[in-house]
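Step one of this worksheet: look at the structure below.
In the working numbering, the protein residues as written are 5 to 700.
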């Protein structure tokens with residue numbers, strides 16, 4: 005445990021009972037908790053005489069108010085003159101007149117934070133005050149340091165009328181009271197091998213560095229510590245899985261597997277698909293429970309890999325389950341599986357929440373009796389009424405859309421079944437190591453040979469008529485088109501084009517002679533399915549949609565996609581949508597219509613016109629949006645870092661992972677004296693994370 009002394013926050017000078025309540029809402033209960041709140045900027049602590057060299061910079065000065073000039077009008081500023089022993093400077097104070105009179109009295113000393121503007125020609129310096137704090141006993145100790153830290157204040161803290169410089173002093177008081185109790189959190193070999201500062205030095209320097217150079221060196225140590233413990237959780241979890249009770253041993257590769265491969269597939273698997281199938285089969289044939297992540301780019305063929313795995317499970321006498329986040333995706337996957345399984349004489353069923361009661365009861369009976377060999381479904385699979393006879397293999401598609409407990413419930417339907425999780429979004433390596441560090445990872449990094457790269461163009465409103473003509477020309481060639489909108493219906497709050505309204509415009513005004521269909525998330529799944537089937541059967545020329553078609557739709561004849569308000573989508577989501585075209589041998593196109601006034605947004609979209617590589621796009625998306633936008637329940641908890649930065653800390657993540665796995669491999673129980681710091685810190689701070697990941 006790094007810090008053993010615990011003083012309740014209410015007893016720190018400057019806090020008190022009321023503010024302590026606000027701190028507790030942020031998870032800050034003790035003085036030691038404040039030491040993990042790191043500064044977001046550092047201001048030079050300087051003198052008035054030296055201000056000219058800080059043009060356009062924020063600084064901190066300490067000075068005495070030697071004069072004050074009241075405004076002639078209520079809405080005008082109060083002018084004060086500050087002297088610090090080296091020179092004097094004026095500053096304008098805006099705000100409530102009564103407040104200014106009370107706060108600024110001639111003769112009082114204050115600490116001031118302000119921005120400097122220096123006009124060299126007129127030799128004029130302006131001090132634009134941002135914050136101030138009356139100088140108190142003990143402040144001189146804080147002002148010994150050359151850099152003063154400033155922290156971000158949450159809305160909860162702002163409600164308590166706490167200001168930035170006052171908060172800086174509170175943190176300083178917490179640091180002063182706890183500094184002698186700060187203990188090491190890493191073992192000496194780990195610290196030395198990675199050239200890190202000791203924990204106490206790092207904490208002290210993070211809050212009060214001697215120079216700007218100190219800050220990054222210190223951040224590296226504290227970031228490594230955060231990443232090390234995340235990887236330690238992963239390493240312990242992986243070891244727990246590998247050494248746990250035996251998994252199912254799928255002994256044989258049966259005739260149906262070979263028959264599908266040689267007779268019914270209708271196309272050749274890519275080298276990457278074959279490699280991934282071998283990796284998964286090696287897991288299935290071992291005595292260990294499989295926990296594997298399968299990721300690949302859009303259209304790389306993840307579903308057919310799952311089909312081969314299901315065959316192995318079924319031919320060894322077990323049932324398999326395929327859980328999807330939406331009914332429409334479950335329906336699409338079910339049709340794919342049924343197409344192959346019917347040829348092989350296997351029985352598959354679909355289970356969703358929208359099915360009629362009588363049909364649902366029949367499906368439940370077939371699952372319980374074992375007649376249903378493969379079950380495709382939504383969240384309905386994890387309901388109490390679902391009872392498998394012998395569930396041995398599970399696939400969770402788009403797993404980040406499921407909560408931790410939902411995934412656990414599916415696994416609990418069988419006796420330690422193998423688990424394969426699939427993601428439709430290519431995952432940047434940084435997130436793969438942090439979020440899925442306890443899983444084995446398989447990657448399909450190759451597309452089918454007959455696929456052509458989708459040509460993507462970024463267009464504005466002035467190009468609209470040309471875009472419509474291009475769509476019409478493609479349809480004349482016998483092709484089909486998607487038109488995607490960000491929302492279902494118009495909203496007063498959001499000035500966005502909607503699918504419902506523009507379906508009417510497109511079908512009556514733009515393409516009145518074409519056959520237009522509409523799908524969106526508020527329609528019953530069977531209506532969506534009927535419309536998509538009509539589109540697939542070429543009974544429709546254009547499908548107007550929201551993001552309900554983002555995954556699972558495979559229509560080779562659809563060669564053009566128009567995405568409206570493209571700037572409103574994340575890059576990874578745009579890439580998924582684009583992946584609905586380009587599934588046949590013909591050239592496909594994606595047109596991104598974006599608001600030309602949003603320069604930053606349109607600049608961001610250019611990556612879509614430059615590459616079809618989902619991994620490159622996801623890396624860019626991560627840099628632009630951060631990890632918090634990328635995933636759901638499990639991940640958002642795992643990625644709360646205060647010092648680490650997943651975008652720029654890739655080398656640090658790999659070093660932390662290597663160190664954590666080395667520690668666990670050599671000392672699985674963390675019982676050695678050498679690892680006592682690690683064990684104690686882990687048990688106090690990371691036990692809950694271990695439980696969450698165990699469930700996941």
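Each residue gets a CB set at the ideal place from its N, CA and C atoms; glycine is no exception.
Cβ neighbours of residue i in the same chain (closer than 8 Å, five flanking residues each side left out)
{"i": "residue 593", "result": "458, 459, 460, 461, 474, 478, 563, 564, 565, 585"}
{"i": "residue 415", "result": "398, 421, 423"}
{"i": "residue 24", "result": "12, 13, 14"}
{"i": "residue 653", "result": "227, 231, 434"}
Environment of residue i [buried if 16+ CB atoms lie within 10 Å]
{"i": "residue 98", "result": "exposed"}
{"i": "residue 559", "result": "buried"}
{"i": "residue 529", "result": "buried"}
{"i": "residue 583", "result": "buried"}
{"i": "residue 199", "result": "exposed"}
{"i": "residue 235", "result": "buried"}
{"i": "residue 676", "result": "exposed"}
{"i": "residue 110", "result": "exposed"}
{"i": "residue 387", "result": "exposed"}
{"i": "residue 117", "result": "buried"}
{"i": "residue 624", "result": "buried"}
{"i": "residue 32", "result": "buried"}
{"i": "residue 343", "result": "exposed"}
{"i": "residue 411", "result": "buried"}
{"i": "residue 256", "result": "exposed"}
{"i": "residue 73", "result": "exposed"}
{"i": "residue 161", "result": "buried"}
{"i": "residue 490", "result": "buried"}
{"i": "residue 127", "result": "exposed"}
{"i": "residue 154", "result": "buried"}
Delimiting residues of the alpha helix (DSSP H) encompassing residue i
{"i": "residue 275", "result": "275-288"}
{"i": "residue 441", "result": "It is not in any alpha helix (DSSP H) - residue 441 carries neither H nor E in the DSSP assignment."}
{"i": "residue 655", "result": "654-670"}
{"i": "residue 143", "result": "143-146"}
{"i": "residue 177", "result": "168-182"}
{"i": "residue 618", "result": "618-629"}
{"i": "residue 548", "result": "Taken as a continuous stretch (DSSP letters only), residue 548 belongs to no alpha helix (DSSP H), being part of the beta strand (DSSP E) at 546-549."}
{"i": "residue 4", "result": "Residue 4 lies beyond the range of the chain shown here (5 to 700); nothing can be said about it."}
Sub-8 Å separation of residue i and residue j beta-carbons
{"i": "residue 394", "j": "residue 378", "result": "no"}
{"i": "residue 409", "j": "residue 298", "result": "no"}
{"i": "residue 62", "j": "residue 150", "result": "no"}
{"i": "residue 232", "j": "residue 549", "result": "no"}
{"i": "residue 146", "j": "residue 95", "result": "no"}
{"i": "residue 647", "j": "residue 220", "result": "no"}
{"i": "residue 661", "j": "residue 443", "result": "no"}
{"i": "residue 173", "j": "residue 18", "result": "yes"}
{"i": "residue 317", "j": "residue 324", "result": "yes"}
Opening and closing residue of the beta strand (DSSP E) in which residue i lies
{"i": "residue 135", "result": "128-138"}
{"i": "residue 291", "result": "No beta strand (DSSP E) contains residue 291, which DSSP labels as neither H nor E."}
{"i": "residue 323", "result": "323-327"}
{"i": "residue 122", "result": "113-123"}
{"i": "residue 400", "result": "395-401"}
{"i": "residue 705", "result": "Because the chain spans 5 through 700 in this model, residue 705 falls outside it and cannot be assessed."}
{"i": "residue 352", "result": "352-355"}
{"i": "residue 153", "result": "151-154"}
{"i": "residue 94", "result": "92-97"}
{"i": "residue 422", "result": "422-427"}
Beta-carbon contacts of residue i that lie in its chain and below 7 Å, excluding the five residues immediately before and after
{"i": "residue 243", "result": "668, 672"}
{"i": "residue 207", "result": "39, 186"}
{"i": "residue 340", "result": "307"}
{"i": "residue 555", "result": "333, 402, 428, 580"}
{"i": "residue 570", "result": "578, 596, 597, 598, 609"}
Residues near residue i in its chain [Cβ-Cβ closer than 6 Å; skip 5 each side]
{"i": "residue 519", "result": "544, 545"}
{"i": "residue 258", "result": "319"}
{"i": "residue 112", "result": "69"}
{"i": "residue 91", "result": "52, 53"}
{"i": "residue 431", "result": "299"}
{"i": "residue 347", "result": "268"}
{"i": "residue 271", "result": "none"}
{"i": "residue 130", "result": "121"}
CB contact below 8 Å: residue i versus chain B
{"i": "residue 239", "result": "Looking for chain B here will not work: only one protein chain is present."}
* **Minimum length 4: unbroken alpha helix (DSSP H) runs contained in the stretch 462-530** => If one requires a minimum length of 4 residues, the alpha helix (DSSP H) runs lying completely within the stretch 462-530 are 468-480, 503-509, in chain order.
* **Runs of alpha helix (DSSP H) wholly within the stretch 203-261 (minimum 4 residues, chain order)** => 203-211, 216-247
* To do: For the stretch 13-72, list the alpha helix (DSSP H) runs that are entirely contained and at least 4 residues long, ordered along the chain.
  => Correct list: 20-29, 35-38.
* **Complete runs of the beta strand (DSSP E) confined to the stretch 566-610 [at least 3 residues]** => 593-597
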